[in-house]
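Notes for the one structure printed next.
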Amino acid sequence: MKVSARVDVVIADETPIQPPPTRVIVIAPTKEAGQDAVSNMTDAVEVVAIVTPRSPHAARGTLADEIIEVEGLTDEQLEALRDEAAPALATTQEK
Numbered sequence: 414m415k416v417s418a419r420v421d422v423v424i425a426d427e428t429p430i431q432p433p434p435t436r437v438i439v440i441a442p443t444k445e446a447g448q449d450a451v452s453n454m455t456d457a458v459e460v461v462a463i464v465t466p467r468s469p470h471a472a473r474g475t476l477a478d479e480i481i482e483v484e485g486l487t488d489e490q491l492e493a494l495r496d497e498a499a500p501a502l503a504t505t506q507e508k
């Protein structure tokens, strides 16, 4: 029986390893307002859905790390849209 003590070594390029982008759901009065709000953010943010009063179910079937809220909604609208978007959070536990 032969035993090999050789080790294969892989040398990688010097490109830094970047963490995956943060997946976000944006709650906004309009899609345009939601896009404007995230346009100033870094490239480390990936918008998976923009939830608006006209499209409250936009976050269904998605998975996100956080929810960003844009000003311009009433408290009632904001609460209803939060309820729609909350199940898409990666930390949400199903019952």
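Residue 414 is where the sequence shown starts when you use this note's numbering, and the numbers rise one by one after that.
Ideal Cβ placement from N, Cα and C applies to all residues, glycine included.
Is the CB-CB distance between A501 and R467 below 9 Å? At a Cβ-Cβ threshold of 9 Å, A501 and R467 do not count as neighbours.
Going by CA-CA distance only, name the one from E427, P433, Q431 and A499 that's closest to A471. Considering only alpha carbons, the answer is A499.
Three-state secondary structure assigned by DSSP to E484: Correct three-state label for E484: coil.
In angstroms, rounded to a whole number, what distance separates the CA positions of Q448 and V461? For Q448 and V461, the distance between alpha carbons rounds to 11 Å.
Per DSSP, E479 is paired with what? Looking at the DSSP output, E479 sits in a beta bridge with V437.
Assigned exposure category for T465 - 16 Cβ within 10 Å defines buried: Per the 10 Å Cβ criterion, buried.
Measure the alpha-carbon distance for L494 versus V422 and round it to whole angstroms. One Cα belongs to L494, the other to V422, and the distance between them is close to 51 Å.
Distance between T435 and E427 (C-alpha atoms, nearest Å): A direct Cα-Cα distance of roughly 24 Å separates E427 from T435.
Anyone know if the C-beta pair for I481 and I438 falls short of 9 Å? Contact annotation: I481 and I438 have beta-carbon atoms nearer than 9 Å.
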